[in-house]
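So for the sequence shown, my numbering puts the first residue at 766; every next one is plus one.
Even glycine gets a Cβ: it sits at the ideal position worked out from N, Cα and C.
Keep in mind that this is a model prediction, so the values were computed, not measured.
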Amino acid sequence: MLLSDLFEKQPAIEIKGFMLDSREKIKDSLFCCLSGITNDSHQYVGEAIHNGAIAVVHSKELKEYQDSIIYIRVDDVDEIFPSLINKFYDYPSSKVWLLGVTGTNGKSTVSWLAKNLLQEFKKTGYIGTMGVNYGEFSSETGFTTSDLVSNSEILIDMLKQDVEAVSMEVSSQGLEQNRVAGMSFDVAVFTNLTHDHLDIHLNMENYYQAKKMLFTGLEYGKQAIINIDDEYGARLAKEMVFDPLTVSFVKDATYRIHDVELSASKSKFALTVDKKRYEVETSLLGRFNVMNLTQAIAAVHQAGIEIESILEHVSKIKTIPGRMESVDEGQSFSVIVDFAHTPDGFEKILSFARSVTTAKNRIITVFGSPGKRDKNKRLSFGKITDRYADVIILTEDDNRDELVRDICYEIAKGIENKPYLIIENRYEAIYQALTIAHKGDTVLLLAKGCENFIAREFGDEEYMGDKAVASEILKQFKEELENGKIEYIN
């Protein structure tokens, strides 16, 4: 695209791309001086030019100007940046049916479920925590919500592969940092809002206002689907300028859930839509997953698919990687891997585990808490596990530059009644949990989900992942069983 197409009264020179990071080498690119979280990119203009930028959009006086470079001064670079990106890439989000899912817990599950249900009817892509997925293509991104340039390029690649619909996770940070600004969402889903990311947002009100941006940005005629059982969801529904679609277990709602039956192997519930009752059965476990599935069904319904047709495919849905994922190597106790990493997430999975574990059996938990993140959650984790679990093993979880043992001690301040161990190595902690588990027990491996790394002080360290670790250990136990060394695995 020509620079003159982006800015009036500018020369007709070709711009081949946008440079967001001055360290990238992008020839004939446009460098936009965005404010950033910790750094102001105005200070990196020289490096950007050295790496290929031929034009610079800025809002502050620069230390140096080069004759060969075109400088375009505007009042607010961050404000005009989304419109530049959308114009440059020719508005790709308007060419697909686009679903955006936000919330503290459940956004990965809802967006992944919606993707898998919708792809039964039209070619569908996914962008989120589990990477980018469409057709046979799959890759990791490292972000819940990528930057606006990456999102635009991903959508263009999807369009080239005839993708018709996209299900996308949208984080609060992504919203605040304009990573989805100007994108045309057809449906936005709000799952819930609970304590998380307060190291970034400082308080719940700021956190809520960040999430709300997805809904205030909806164009006329688009739809919002909101969990009104959540305190902030109920507030959001009232503050919408148009009537949203609602989901609830207990209130009158567009999608009303009732007659829920939960077990250790499946969930059954009734769903009423437009006064018509539907019976739903799924292998997804827990009351929270009933809500997640219903919101996914609602989203696909708003894509023009009849409820009856959607429900025909619910049974095909497989467990979402790292979300309430069972590990079964023939052992006589349950092992569940879950990404729960907030107090609300812990409360939900532990209360579910308690409901399906008999009084004579135990819940054994393995978890830690991230370093350099919201420290207030640590005490809550301790209190919640103290209330529900029988044995608690504290271990590492992305400790970064903090000592694992110090983090574990902070969690342990909330544990008053139950025995706990501190085993710093996560593999060894899981090994210990599986070693002490008996028939009928439930072992919960929490907070890492499907992640295959542990964040250290100087970068990410490769990690097998909780599921792979548990599977390897259980297979080892099975071999020992065959040799007569252990007795409690069936």
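7 Å CB neighbourhood of residue i in its chain, flanking five on each side removed
i            : result
residue 766  : 780, 853
residue 1178 : 1144, 1147
residue 885  : 1078
residue 985  : none
residue 1005 : 980, 989
residue 1236 : 1092, 1094
residue 1189 : 1160, 1161, 1169, 1170
Anticipated Cβ contact below 8 Å, residue i with residue j, distance rounded
i            : j            : result
residue 1096 : residue 954  : Incorrect: roughly 36 Å between the Cβ atoms, too far for contact.
residue 1002 : residue 991  : 5 Å
residue 1210 : residue 1102 : 5 Å
residue 914  : residue 865  : With a Cβ gap of about 18 Å, residue 914 and residue 865 do not count as contacting.
residue 1159 : residue 1199 : 16 Å between Cβ atoms; not a contact.
residue 931  : residue 867  : Contact doesn't hold; Cβ gap of about 15 Å is too wide.
residue 1054 : residue 1089 : 6 Å
residue 959  : residue 1135 : About 16 Å separates the two Cβ atoms, so there is no contact after all.
residue 1130 : residue 1172 : Not quite, the Cβ-Cβ distance comes to about 15 Å (not below 8 Å), so this is no contact.
residue 993  : residue 1011 : 5 Å
residue 1094 : residue 1232 : 11 Å between Cβ atoms; not a contact.
residue 817  : residue 791  : 5 Å
Assigned exposure category for residue i - 16 Cβ within 10 Å defines buried
i            : result
residue 783  : buried
residue 1203 : exposed
residue 1019 : buried
residue 1184 : exposed
residue 776  : exposed
residue 836  : exposed
residue 874  : buried
residue 1207 : buried
residue 1123 : exposed
residue 770  : exposed
residue 967  : exposed
residue 1023 : exposed
residue 1066 : buried
residue 894  : buried
residue 1195 : buried
residue 1042 : exposed
residue 872  : buried
Selected residue, minimal CA-CA separation from residue i, among the options
i            : options                : result
residue 1223 : 1152, 985, 1164        : 1164
residue 1068 : 951, 900, 1187         : 951
residue 832  : 987, 841, 821          : 821
residue 870  : 957, 1237, 1114, 801   : 957
residue 971  : 985, 1063, 987, 938    : 938
residue 1119 : 1150, 1135, 1136       : 1150
residue 978  : 1011, 968, 942         : 942
residue 829  : 807, 993, 841          : 807
residue 1230 : 1086, 817, 1182, 897   : 1086
residue 987  : 1033, 1136, 863        : 863
residue 851  : 1016, 918, 1005        : 918
residue 834  : 849, 795, 826          : 795
residue 1114 : 1175, 1142, 1052       : 1052
residue 1076 : 878, 816, 789, 903     : 878
residue 1098 : 1017, 1201, 1006       : 1201
residue 1000 : 1026, 1016, 973        : 973
residue 1082 : 1092, 1104, 1110, 1050 : 1050
residue 926  : 911, 896, 793, 887     : 887
residue 785  : 774, 799, 773, 1214    : 799
residue 995  : 1154, 1016, 1029, 774  : 1016
residue 815  : 1155, 839, 824, 789    : 789
Beta-carbon proximity list for residue i, same chain, < 6 Å, skipping 5 on both sides
i            : result
residue 1273 : Residue 1273 lies beyond the stretch modelled for the chain, which goes from 766 to 1255, so this question has no answer here.
residue 948  : 858
residue 1220 : 1163, 1165
residue 1212 : 1106, 1132, 1162
residue 797  : 822, 842, 846
residue 1117 : 1051
residue 910  : 935, 936, 939, 944
residue 1029 : 1121
Same chain, Cβ closer than 8 Å to residue i, neighbours up to 5 away in sequence not counted
i            : result
residue 1227 : 1217, 1218
residue 1079 : 882, 1045, 1046, 1047, 1058, 1062
residue 924  : 857, 860, 861
residue 921  : 854, 857
residue 1026 : 1032, 1033, 1034
Cutoff 8 Å: residue i Cβ touching any chain B Cβ
i            : result
residue 1024 : No chain B is present in this structure, which holds just one protein chain.
Cβ-heavy atom distance, residue i to the ligand ATP, below 7 Å
i           : result
residue 797 : The ligand ATP is not among the ligands present in this structure, which contains no ligands whatsoever.
### Task
Entirely within the segment 1080-1157 and at least 4 residues each: give me those alpha helix (DSSP H) ranges in chain order.
Those alpha helix (DSSP H) runs which fall completely within the segment 1080-1157 and span 4+ residues are 1108-1121, 1141-1153.
### Query
Which runs of the alpha helix (DSSP H), 4 residues or longer, sit entirely within the segment 906-976?
Counting only runs of 4 or more, we get 913-925, 937-941, 963-966.
#### Entry: Whole runs of the alpha helix (DSSP H) within the segment 990-1025, excluding any shorter than 4 residues
The qualifying runs are 996-1004.
### Message
Could you tell me which whole alpha helix (DSSP H) segments of length 4 or greater appear in the segment 814-899?
### Response
Secondary structure remark: continuous alpha helix (DSSP H) runs of at least 4 residues inside the segment 814-899, in chain order: 842-853, 872-883.
### Query
Which runs of the beta strand (DSSP E) spanning at least 3 residues fall entirely within the segment 774-798, listed in chain order?
For the segment 774-798, whole beta strand (DSSP E) runs of length 3 or above, ordered along the chain, are 782-784, 794-797.
### Task
Enumerate, from N- to C-terminal direction, the unbroken beta strand (DSSP E) stretches of 3 or more residues contained entirely within the segment 1174-1250.
Along the length of the segment 1174-1250, whole beta strand (DSSP E) runs at least 3 residues long occupy 1185-1187, 1207-1211, 1218-1221, 1224-1227, reported in chain order.
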